[in-house]
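S.K.: Following this message is one structure expressed as structure tokens.
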Amino acid sequence: MRHGEVEEPRPGLAEIGHDDPALTSRGRRQAASLARELLAGLERGERIEALYTSPLRAARTTAEALSAVLDVGEPRVASELTTLTPELVPQGDTAAMEAIQAQAWKLIAGLKEQFEQQTTIVLVTHDLTIRSLVCKALDMDLQDMFRFELEPASLTTIEFRVQRDRERTLVASLNDTCHIEPA
């Protein structure tokens, strides 16, 4: 899932490693809405095994709101979920996007080995990371990553299914924002 809405970056901080804005008050409400949505899923019998987050502040704050109501323990920080802001990726620079995609997909591959099938793992991360993962799941070119919407505090679900001894990757939901109350 994508973290909630963030504050506008302050001038001079839009350099790699320095742009780490906090959630706005709306972003904190969005994180609470995400938590309620996941809690409703648990009440319907769904099970969440673990919660991972990017080390950046907006994702961590969103993940902390989730862990406060879910019985999954503290969010596990995964540096593989860190990203660049879209403004810092030069137009057409696929190398940076390939690196973001490769590190996040490597984390997912490790989690698939660690946890059994039919397990839900929640990842709280950023716009470009989610876009790159959706492209990988759908075997889309990274150049097409902006062909779909991805709102703050949205849910995107990627499922890994085994059918006839063959793994299939399915994007089960994309940019789900039904849980968010209007501004």
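Numbering (the numbering used here), first residue to last: 24 to 206. Beta carbons: idealized from backbone N, C-alpha and C, even for Gly. These numbers come from a predicted model, not from an experiment.
Identify whether T148 lies in helix, strand or coil by the three-state DSSP scheme.
M.R.: Three-state result, T148: strand.
S.K.: Pull the bridge partners of A190 from the DSSP assignment, please.
M.R.: The sequence shown places Glu at residue 190, not Ala. Bridge partners of E190: V185.
S.K.: Quick one, are the C-beta atoms of T76 and R83 less than 8 Å apart?
M.R.: Yes; because the gap between Cβ atoms is below 8 Å, this pair is in contact.
S.K.: On the premise that T179 lies in contact with E72, defined as a C-beta separation below 8 Å, what is that separation, rounded to the nearest angstrom?
M.R.: So it is not a contact: roughly 18 Å between Cβ atoms.
S.K.: With DSSP as the reference, label V29 as helix, strand or coil.
M.R.: Reduced to three states, the DSSP call for V29 is strand.
S.K.: Determine the burial state of A127: buried for a count of at least 16 other Cβ atoms within 10 Å of its Cβ, exposed for fewer.
M.R.: Looking at its Cβ environment, which holds 16 or more other Cβ atoms inside 10 Å, A127 is buried.
S.K.: Threshold first: 3 residues or longer. Then list the beta strand (DSSP E) segments lying entirely within the segment 36-119, N to C.
M.R.: Complete beta strand (DSSP E) runs here, min 3: 71-76.
S.K.: From this set, L79, L57, L104 and V157, which residue's C-alpha is nearest E182's C-alpha?
M.R.: Minimum Cα distance to E182 is reached at V157.
S.K.: Spatial neighbours of E28 within its chain, please: CB distance less than 8 Å, with the 5 preceding and 5 following residues excluded, ordered by chain position.
M.R.: If we look at E28 and ignore the five residues flanking it on each side, its Cβ neighbours are L46, T47, R49, G50, Q53, P175 and A176.
S.K.: State yes or no: is the C-beta of S74 within less than 8 Å of the C-beta of P98?
M.R.: Note on residue identity: the sequence assigns Leu, not Ser, to residue 74. Their beta carbons are under 8 Å apart, which means L74 touches P98 by this criterion.
S.K.: Go ahead and pull the three-state DSSP assignment for A165.
M.R.: The residue asked about is misnamed: residue 165 is Leu in this sequence, not Ala. Residue state, collapsed to three classes: helix.
S.K.: Going by C-alpha distance, which of R154, L107, S196 and A58 is nearest D94?
M.R.: Checked all of R154, L107, S196 and A58; the closest Cα to D94 is A58.
S.K.: Could you compute how far the alpha carbon of K159 sits from the alpha carbon of A206?
M.R.: Their Cα atoms are separated by approximately 32 Å.
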